[in-house]
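Protein chains in written order, with numbering that gives the first Met the number 0: chain E, 0 to 494; chain B, 0 to 127.
The beta-carbon is built from N, C-alpha and C at its ideal position, and this holds for glycine as well.
All of these numbers come straight from a predicted model, not from anything done at the bench.
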Amino acid sequence: MVHSVAMPADHPVEPEFAPPAEDAYRLLVDSVLDYAIFMLDPAGRIVSWNAGAEQIKGYAARDVLGEHFSIFYPPEDLDARKPWHGLEVAAEVGRFEDEGWRLRKDGTRFWANVVITALTDASGELRGFAKVTRDMTERMRAEEALKASEERFRLLVQGVLDYAIFMLDPAGRVISWNAGAERIKGYSAEEIVGEHFSIFYPPEDLVARKPWRELEVAVDVGRFEDEGWRLRKDGTRFWANVVITALTDASGELRGFAKVTRDMTEHRRVERTLTEQRRLVGHLVEAQELERRRIAWDVHDDSIQSMVAVSMRLQLLANRLPEKEAAVVRQLDEAVRSSIGRLRNLVFRLRPPELDRHSLVEALDQYLLDVAGSSGLTYRLRHELDHEPPSDAAIAIFRIFQEALANVRKHARASAVEVSLTSVDGGTLVEIADDGVGVGEGAGTPSDGPTIDHFGMIEMRERAETSGGWWSVGDAAGGGTVVRFWIPSTRGGEP
Amino acid sequence: MTDPKLSVVISDDDPMIRDALREVLDAEPDFEVVAVARDADEAIELVERHEPAVVVLDARMPGGGGGRAAREIRLRFPNTGILALSAFTDHEMFREIQSAGVGEHLVKGASNSDIVAAVRRLGRPGRG
């Protein structure tokens, strides 16, 4: 026996080795709790039983000794004669291993890993079998749960239609493919799996070795993102957003890449349409300002001048007429003068804000001064601008401000107005608050012409929105109305 | 007629205003419109020729506007009173006219009697 070989003499500290006692093996086997270890006679009847067997299967030794081990198998295995088959294989090749459901004494099942070893004596005669069974239920359940979760995840990825989600091996060959990939790129899984992913790139990118460079970057920094043209199966192009993520295992070794591609063609088209629309709106605003200027000067230089002349002549005429007729002519003159007043207001509102000569704040301040002077309003203008808004934004701000102020004058019955300008989110936030009757009451009063008021609001809102901003109206904290709007400082041509 | 008539030069680029203004001022028995100009240059030239008691200047006129004419007239004919008429409260123009040193400033559309009173104040100081 190997155990009885004496230790080398030059190893004095080791205690003397004692061979195991006769009953040591029995003790060992009997004590093991995690494994059911027992013996069968050549016919398959149980001849020994340990603590692990009792623990796992629930039988005491006296219950099972002499029983055929097939009592541990569920009916379907008995029908398949599985216990006998196991013994036959073990007898033939020395060993049989299996995993499957077994029964406990109480009839419940457990998942078992079973090894049956044939025991033969020196003459080669079969003396029986050693059977070692381990309860793998917990591990099996954990594995199943993991598998189910992986399966659910796989189904999720498979089912996603808006994104092409697929995997590449470390060399860049496609190894998985989802429904989104098929929809976006036009290849079925059978067609594409095994192909190198450079097949999706247009020739100019291949010349530049772009696909390979992208993988290199992903390996270096873990991730690569890009937008560009990609090819569908039919050769047509689509504008793609692509993210490539390097997949490494626990040891840090590269296992492949996850590639997520999104078709941005529609998005890009919408964005371009929007940009084009903004550009057109910019032109429209410019044309509108020009037209307003022209109308303002026409009214100013022609209509008002002639009416002023008419008024002067009417006054002269009144002075020459007898009192009775003179009174009529004076009334006529009054009518003409009040028309002049209204036309002046019109010109004042149409007049270009002269933002080319003044800053926005100066122009607003000047306008407030004029309006306050003629309407008896007091005003306060606060501003914290970190930049002067570009001219089209400034015009939009000025025009909306004008309209809001006209509403304050016409409908709010306010005595004070507070205007503030703040630079917020790359744009200008404007607040115009008054101490008047508030939105609810003011807009609801029929005599105030709610319809006209309403149109004014629509106009303000449209102007803000076509400039890429927003507009809102509500009740001010201290009563009255507050109009708030925000206009971005980006130019028309930029998103 | 003990007093000589108060002589006035009118300057406005709008013919309707020009004519109406002339008629308004001529209707006053003690006023006499001696000349009518259509732009700043003409206004200066006519003031130089007639040395009127009062010149009525349109604030916005070709040739540098009422502001320029007022400045020049003020400098060369300090005895001529200057009345500026402007179309509406344009602040730039208002400041310019103020700094040019005009005697009176009215917004167009002021009543005839206001205009006449202003001319009389400028032309016969002390009798206003």
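Proximity of chain E to B/Glu95 at the Cβ level (cut-off 8 angstroms) is not reached, the minimal Cβ distance being about 14 angstroms. With the criterion set as a beta carbon lying under 7 angstroms from some beta carbon of chain E, the members of the region 105-120 of chain B are Lys107, Gly108, Ser110 and Asn111, in sequence order. Taken in chain order, the whole beta strand (DSSP E) runs of length 3 or more contained in the region 104-191 of chain E are 108-119, 125-134 and 162-167. Look at B/Val53: its C-beta is not under 7 angstroms from any C-beta on chain E.
Here E/Val192 is not near E/Asn177, since their CB atoms are 7 angstroms or more apart. The beta carbon of E/Met139 is closer than 7 angstroms to those of Trp110 in its chain, skipping five residues each way along the sequence. The secondary-structure analysis by DSSP pairs E/Thr260 across a beta bridge with E/Ala163 and E/Val241. Judged by DSSP in its simplified three-state form, E/Pro487 adopts strand.
Contact between E/Leu380 and E/Ser422 is absent: CB atoms are separated by about 15 angstroms, not below the 8 angstroms threshold. Within 7 angstroms of the CB of B/Val23, the CB atoms of chain E belong to Met311 and Leu315, in sequence order along the chain. Rounded to the nearest angstrom, the gap between the Cα atoms of E/Met135 and E/Arg103 is 13 angstroms.
Against chain E, the beta carbon of B/Asp29 has no neighbour under 9 angstroms; the closest one sits roughly 15 angstroms away.
For the pair of segments examined, the region 8-15 of chain B was found to touch the region 30-40 of chain B: the number of CB pairs separated by less than 8 angstroms reaches three. CA-CA distance, E/Gly435 to B/Leu121, rounds to 45 angstroms. Counting only residues of its own chain and dropping the five nearest sequence neighbours on each side, E/Arg408 has a CB closer than 6 angstroms to the CB of Ser374. E/Gly93 is positioned such that its CB atom lies closer than 7 angstroms to that of E/Ala117.
Each of E/Arg319, E/Ile486 and E/Ile431 was checked against the Cα of E/Ile396, and the nearest Cα belongs to E/Ile486.
For E/Phe68, there is no enclosing alpha helix (DSSP H), as DSSP marks it with neither H nor E. Within its own chain, the residues whose Cβ lies closer than 8 angstroms to the Cβ of E/Ala463, once the five positions on either side in sequence are excluded, are Ala395, Ile399, Trp469, Trp470, Phe484, Trp485 and Ile486, listed in chain order.
E/Asp233 sits in coil when the DSSP states are folded into three classes, being neither helix nor strand. Considering only beta carbons, the part of the region 5-19 of chain B lying closer than 8 angstroms to chain E consists of Asp13, Met15, Ile16, Asp18 and Ala19, in chain order. Secondary structure of B/Arg67 (DSSP, three-state): helix. The alpha-carbon of E/Gly99 is positioned some 44 angstroms away from that of E/Leu214. Using a C-beta cut-off of 8 angstroms, the region 146-164 of chain E makes no contact with the region 52-64 of chain E, since fewer than three inter-stretch Cβ pairs fall below that distance. By the neighbour-count definition (other C-beta atoms within 10 Å, threshold 16), B/Ser112 is an exposed residue.
Between E/Ser47 and E/Phe37, the alpha-carbon positions lie close to 5 angstroms from each other. Look at B/Met15 here: in three-state DSSP terms it is helix.
Three or more beta-carbon pairs separated by less than 8 angstroms link the region 72-88 of chain B to the region 96-115 of chain B, which places the two stretches in contact. Listed in chain order, the non-local C-beta contacts of E/Gln54 below 6 angstroms within the same chain comprise Leu32, local neighbours out to five positions each way being set aside.
For B/Ala36, the closest Cβ of chain E is not nearer than 7 angstroms. In terms of Cβ geometry, E/Ala141 and E/Ala163 do not form a close pair [threshold 7 angstroms]. For E/Tyr34, the secondary structure class from DSSP, reduced to helix, strand or coil, is strand. A buried status is given to E/Gly255, since no fewer than 16 other beta-carbon atoms sit within 10 Å of its beta-carbon. For E/Trp100, the enclosing beta strand (DSSP E) has its first and last residue at Arg94 to Leu102. Between the alpha carbons of E/Leu354 and E/Gly426 lies a distance of about 17 angstroms.
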